[in-house]
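Heads up, the thing below is written out as structure tokens.
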Ligand SMILES: Cc1cc2nc3c(=O)[nH]c(=O)nc-3n(C[C@H](O)[C@H](O)[C@H](O)COP(=O)(O)O)c2cc1C
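Numbering (our numbering), first residue to last: 842 to 1041.
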């Protein structure tokens, strides 16, 4: 299985990339392939209509990412809570990517907060952004609160840290099962994005 991990913070040095790298290491340890795409420093321009036609700009910035996403079986979205919402860069990816990259593939949401937030990005992602690209958020999810005090090196800093690490391992195992379970759906011949390119 191949997992694409999206680190959703536009900040150059973020807690989200710390968590994304932890997840990458854990997935690699179980002999799966990974692709880590960081939104640090905004590697993608804002969506524009160039995406629909031949565009050197989009070919340079999006095609390499798109190819990696297309070959992934599952996604992990590591998303910080910013102003009670997901960062614009995350929403931009959800509008740039189509069913070609995300369609009928499972995704685990990992929300990140420096304090006791983290619920807003989850409800926002579950509410909007998957209609046309057909990304499938799994019902398991992670909320990493007080992120500065967790996932720092090999030593557990607290009971919360220990719990979150164990819970992360469990969530990734659940995602793995969804990745296996959804593959036959994509290969079933039932999916018809030619007739129904957009969701209702
Ligand atoms: C622009 C901005 C807005 C933020 N708003 C919130 C917020 O609404 N709720 C919250 O819990 N943390 C908020 N934070 C703090 C983040 O939780 C904190 O930066 C955390 O480390 C996750 O973001 P990061 O991955 O960019 O580091 C905000 C941070 C930034 C940069």
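Just so it is clear, CB atoms sit at the ideal spot from N, CA and C, and this is done for glycine as well.
Predicted, not measured: the structure shown is a model, and the values here were computed from it.
Burial state of residue 791, where buried means 16 or more other Cβ atoms lie within 10 Å: Only positions 842 to 1041 of the chain appear in the structure, and residue 791 is not among them; the question remains open.
Closer than 6 Å between the C-beta and any heavy atom of ligand 1: which residues qualify, listed along the chain? Chain-ordered list of matching residues: 850, 852, 855, 856, 857, 921, 922, 923, 924, 925, 953, 954, 955, 956, 958 and 988.
Whole angstroms are fine: how far does the CA of residue 1006 sit from the CA of residue 1013? In the chain shown, residue 1013 corresponds to position 172, counting from 1. In the chain shown, residue 1006 corresponds to position 165, counting from 1. In this structure, the straight-line span from the alpha carbon of residue 1013 to that of residue 1006 is close to 11 Å.
In whole angstroms, what is the alpha-carbon distance linking residue 1033 and residue 981? By one-based count along the chain shown, residue 1033 stands at place 192. By one-based count along the chain shown, residue 981 stands at place 140. Between residue 1033 and residue 981, the alpha-carbon positions lie close to 27 Å from each other.
Among 1023, 996 and 948, whose alpha-carbon lies nearest the alpha-carbon of residue 846? Taking the chain shown and counting its residues from 1, the one referred to as residue 846 is at position 5. Looking at the Cα atoms, 948 is the closest of the given residues.
Excluding five sequence neighbours on each side, which residues of the same chain lie with their C-beta closer than 6 Å to the C-beta of residue 858? Residue mapping note: residue 858 aligns to position 17 of the chain shown, counting from 1. Hits under 6 Å: 848 and 879.
Can you check which of these residues, 898, 871 and 935, is closest to residue 842 by C-alpha distance? The count along the chain shown starts at 1 and reaches residue 842 at position 1. When only C-alpha atoms are compared, the closest one is 871.
If residue 911 and residue 941 are in contact, beta carbons under 8 Å, what's the gap, nearest whole angstrom? Position 70 of the chain shown holds residue 911. Position 100 of the chain shown holds residue 941. That belief holds up - the Cβ atoms of residue 911 and residue 941 are roughly 6 Å apart, short of 8 Å.
Count the C-beta pairs between the region 992-1010 and the region 957-967 that are closer than 8 Å, then say yes if the count reaches three, no if not. A contact is defined here as three or more CB-CB pairs under 8 Å, and the region 992-1010 fails this definition with respect to the region 957-967.
Which listed residue (865, 867, 862 and 936) has its alpha carbon closest to that of residue 893: As a first step, residue 893 must be located in the chain shown, where it is residue number 52. Of the listed residues, the one whose Cα sits closest to residue 893 is 936.
For residue 1026, is the classification buried or exposed, using 16 other Cβ atoms within 10 angstroms of its Cβ as the cut-off for buried? Translated into the one-based positions of the chain shown, residue 1026 becomes position 185. The C-beta of residue 1026 has fewer than 16 other C-beta atoms within 10 Å across all chains shown, which makes the residue exposed.
Quick check: the Cα distance between residue 1041 and residue 972, rounded to an integer number of angstroms? Along the chain shown, one-based indexing puts residue 1041 at 200. Along the chain shown, one-based indexing puts residue 972 at 131. Between residue 1041 and residue 972, the C-alpha separation is close to 7 Å.
Which of the three DSSP states, helix, strand or coil, is assigned to residue 1032? On the chain shown, position 191 is the one that residue 1032 refers to. Reduced to three states, the DSSP call for residue 1032 is coil.
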